Amino acid sequence: MYINPPAMAIPSTMVLWSALAALASAQGSQAVLQTSQKYSSPSLTSSYHDSCPADSPLSCSGSSESTCCYEGTDGLLLLTQFWDYNPATGPSDLFTLHGLWPDKCGGGYEQFCNPSWEITSVEDVLESTGMSDLLDEMNEVWKNQGAADDQLWLHEFNKHGTCYATVNPSCYDSSAPQYQYAADFYNTTVSLFNTLPTYKWLTAAGLSPSETETFTYDQLADAITPQLSANGDATFELRCDSSGALQEVWYYFNLKGAIASGTFVPRKTISKGNCGDSFHWYPKGSSGGGGGGGGGGGGGDDGDSSRGHLVPKGQNGCIISNGNWYSAQSGSCATFTKTTDSTGNVHLTSSKGACSVSDGQFVCKSGNTAGDFTEDSGLIAYGGSTQWSADSVPSGTQQVPIVTGSDRSVSFELEFVSA
C-alpha cells in the first residue's frame with residue numbers, strides 16, 4: 162500500500178572505497194550502529210512483504226548473510242540528488258531525485274544483480290499496484306535530463322533495485338501483485354527523498370545559488386548536518402562537474418529492516434566528495450562553466466565515444482570481442498567502442514555486442530544490457546574497483562574468462578588503449 166509521507170517542502174570520479182572499508186574495519190560495528198536523534202525516517206509499511214521484527218539489526222552491523230529483513234552484504238545505502246543547472250532540469254528550487262543505491266558494506270557495489278526481477282514499464286508497475294499518486298509525484302521530482310523521465314526510473318530499479326536482498330520477490334506473500342517488490346522500491350525511494358529537502362535547508366541558512374559566489378563544503382555542512390543528527394555523527398558527500406560546479410548531493414544511510422518497511426539511519430561517509438576547497442552553485446538555467454549535465458542516467462549513450470583495445474596491464478595479450486583474454490601471439494586485439502554518458506558511466510561495445518558483467522564475468526554479446534563501468538586514469542573499473550583477475554594467463558589459442566575483483570590466480574588492471 163502506498164503511504165504518502167507527511168507533506169513538506171521537497172527539496173566520474175570514484176568514491177574512496179578502500180578508505181571506507183578501512184574505517185569500517187577500524188571502528189567495527191560502532192561505525193554503523195550510531196543513530197541520530199535529529200533525523201526522522203519516513204513512515205513506511207507494506208501489506209505484502211514478510212513482517213520484520215522490531216529489533217531487526219542495522220544493515221552491515223553483523224553477519225554478511227542477507228535475509229528478507231536484513232541487508233548484510235549491500236547495506237550501505239545512498240540517496241542521491243541532482244542539481245542540473247545547464248540545461249535546467251526540474252523546478253528552480255529543487256534538488257531532484259537521482260536514485261537509492263546499495264553499496265557493499267566494505268566498499269564497492271554491484272549492478273543489474275538479478276535480471277529476473279527486472280521490469281519493463283514503471284507506469285504499468287505503479288498502476289497495477291494502486292500507486293498512481295506516486296507516479297504523479299515522480300513526474301515532479303524524479304527528472305531525467307535530456308531524456309524521458311521514465312527511462313531514468315527504469316534504469317535505477319533494474320541497475321540498483323535488483324541488488325537489494327530485501328526486495329527479493331520471494332520475500333512477498335503469494336497474494337501480492339506481481340511487481341509489488343518494484344513498486345515498494347519506488348515508494349521508499351520517493352518517501353526517503355522527501356525527508357531530505359536540501360534546497361530548503363540551504364536557503365533557510367542563507368545560502369542560495371549564485372552566478373558569481375563560491376561555496377565551501379563546511380558552509381553547506383553547517384546547514385545540512387544539524388538536520389541529519391543532533392551530534393554531527395551523520396555527514397554527506399558533494400559531487401561537482403568538470404567545471405567545478407555543484408552537481409549532486411549524496412546522503413548515506415544504514416537500514417533497519419527491509420526496503421519496503423524499514424527505518425533509515427543517517428551515517429558518516431569517509432569522503433566529502435570531489436568539489437575541492439571551493440565550488441560554484443549556479444542557479445538553474447545558468448551557463449556556468451559550461452557543464453551541469455547530470456541527470457541522463459536512463460537515456461542511453463549520448464556522450465563522448467572513442468575506440469580502442471582492452472589490455473590487462475602488465476600482462477601479455479588482450480581482450481577479444483567476446484570478453485575473454487587471448488594471447489597476443491595467437492590473434493589481434495578486438496576493437497571496443499567506449500562511450501561515456503552524461504553521468505560519467507562508461508559503456509563498452511565490441512563487434513559481438515554490448516559488454517556487461519554476468520555472475521562476475523566480463524561478457525560481450527548480442528542482446529546484452531550494457532553494463533555501467535567507470536574509468537579512472539585510463540583503467541576500466543566496475544563496482545568501484547579497477548581490479549580484475551583470471552584463473553591463468555592464456556597461451557596458444559586458449560581463451561581465458563576474466564572476472565571482477567582479485568580473487569583468481571592472476572590479477573591485473575584493465576587498461577583502455579586508444580586505437
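First residue of the sequence shown? That's 162 in my numbering, and the numbers climb one at a time after it. Glycine included, C-beta positions come from ideal geometry on N, C-alpha and C. This structure is a prediction, so every number in the text was calculated from the model and none was measured.
By Cβ distance, which residues of its chain are closer than 7 Å to Val-561, with the 5 residues on each side in sequence left out? Asn-485, Trp-486, Ala-551, Asp-552, Ser-553 and Pro-555
Is there contact here, the region 375-395 with the region 322-329, by at least three beta-carbon pairs under 8 Å? Segments in contact, no.
Less than 8 Å between the C-beta atoms of Leu-238 and Leu-205, yes or no? Not in contact: Leu-238 and Leu-205 (Cβ atoms no closer than 8 Å).
N- and C-terminal bounds of the beta strand (DSSP E) containing Phe-497: For Phe-497, the enclosing beta strand (DSSP E) starts and ends at 497-501.
Which residues does DSSP list as the beta-bridge partners of Leu-238? Pro-263 and Phe-414
Beta carbon of Val-578, beta carbon of Val-426: below 8 Å? no
Thinking just about the alpha-carbon of each residue, which of Gly-514, Ile-563, Gly-505 and Tyr-231 is nearest to the one in Gln-522? Ile-563
Kindly indicate which three-state DSSP category Asp-245 falls into: helix, strand or coil? coil
With distances taken Cα to Cα, identify the nearest neighbour of Phe-256 among Asp-334, Thr-349, Lys-445 and His-508. Lys-445
When DSSP labels each residue in this structure, what does Cys-436 get in the three-state scheme? coil
Does DSSP put His-441 in a helix, in a strand, or in coil? strand
I'd like to know if the region 273-281 and the region 330-345 are in contact, where contact means that at least 3 CB-CB pairs between them fall below 8 Å. Contact holds: three or more Cβ-Cβ distances are below 8 Å.
Gln-559 versus Ser-439: straight-line alpha-carbon distance, rounded: 52 Å
Tell me where the alpha helix (DSSP H) around Ala-344 begins and ends. 341-354
Simplified DSSP state of Val-286, which is helix, strand or coil: helix
On the CB-based measure, 16 or more other CB atoms within 10 Å of its CB, does Ser-197 come out buried or exposed? Confidence is the limiting factor: at Ser-197 the pLDDT is only 45, short of 50, which leaves the residue's position unreliable, though a coordinate-based value still follows. Ser-197 is buried by the Cβ-count criterion.
Closer than 7 Å by C-beta to Gly-449: which residues in its own chain qualify, once you throw out the five before and the five after it? Chain order, please. Tyr-246, Asn-247, Ser-404, Ala-406, His-441 and Tyr-443
Keeping to the same chain, check which residues put their C-beta closer than 6 Å to that of Arg-569; ignore five residues upstream and five downstream. Same-chain partners within the cutoff: Ser-550, Ala-551 and Asp-552.
I need the straight-line Cα distance from Leu-575 to Gly-566, nearest angstrom please. 11 Å
Rounded Cβ spacing between Ala-580 and Thr-496 (contact assumed at less than 8 Å): Yes, they are in contact, since the Cβ atoms of Ala-580 and Thr-496 sit about 6 Å apart, within 8 Å.
Quick one: measure Cβ to Cβ for Ser-253 and Glu-372, integer angstroms, because I've assumed they're closer than 8 Å. Their Cβ separation, rounded to whole angstroms, is 14 Å, which puts Ser-253 and Glu-372 out of contact at 8 Å.
What does DSSP give as the partner residues of Glu-374 in its beta bridges? DSSP output for Glu-374 lists no bridge partner at all.
If you measure from the CB of Ala-580, is any heavy atom of the ligand COA nearer than 7 Å? By its list of ligands, the structure shown contains no ligand whatsoever, and the ligand COA lies outside what it can speak to.
State yes or no: is the C-beta of Ala-515 within less than 8 Å of the C-beta of Asn-506? no
Among Thr-424, Lys-499, Gly-393 and Gln-476, which one has its Cα closest to the Cα of Ile-125? What the structure shows of the chain is the stretch from 162 to 580, and residue 125 is not part of that stretch, so it cannot be assessed.
Please return the same chain residues whose Cβ sits closer than 7 Å to the Cβ of Ser-467, not counting the five positions on each side in sequence. Lys-499 and Ser-579
Between Thr-228, Trp-362 and Thr-501, which has its C-alpha nearest Val-328's C-alpha? Thr-228
Spatial neighbours of Leu-389 within its chain, please: CB distance less than 8 Å, with the 5 preceding and 5 following residues excluded, ordered by chain position. Ser-197, Lys-199, Tyr-200, Ala-395, Thr-396, Phe-397, Tyr-412 and Pro-427
Rounded to whole angstroms, what's the CA-CA distance from Ser-289 to Trp-314? Just pull it up for me. 16 Å
Cβ neighbour criterion (16 or more within 10 Å) applied to Lys-474: Using a 10 angstroms sphere on the CB of Lys-474, the tally of other CB atoms stays under 16, which defines it as exposed.
In this structure, what does DSSP give as the bridge partners for Phe-523? Per DSSP, Val-518.
Kindly identify the DSSP beta-bridge partner or partners of Tyr-333. His-210
Per-residue burial, Asn-319 [other beta carbons within 10 Å of its own, 16 or more giving buried]: The residue in question, Asn-319, is buried, as its Cβ has 16 or more Cβ neighbours within 10 Å.
Go ahead and label Phe-573 buried or exposed: buried means 16 or more other beta carbons lie within 10 angstroms of its beta carbon, across all protein chains shown. buried
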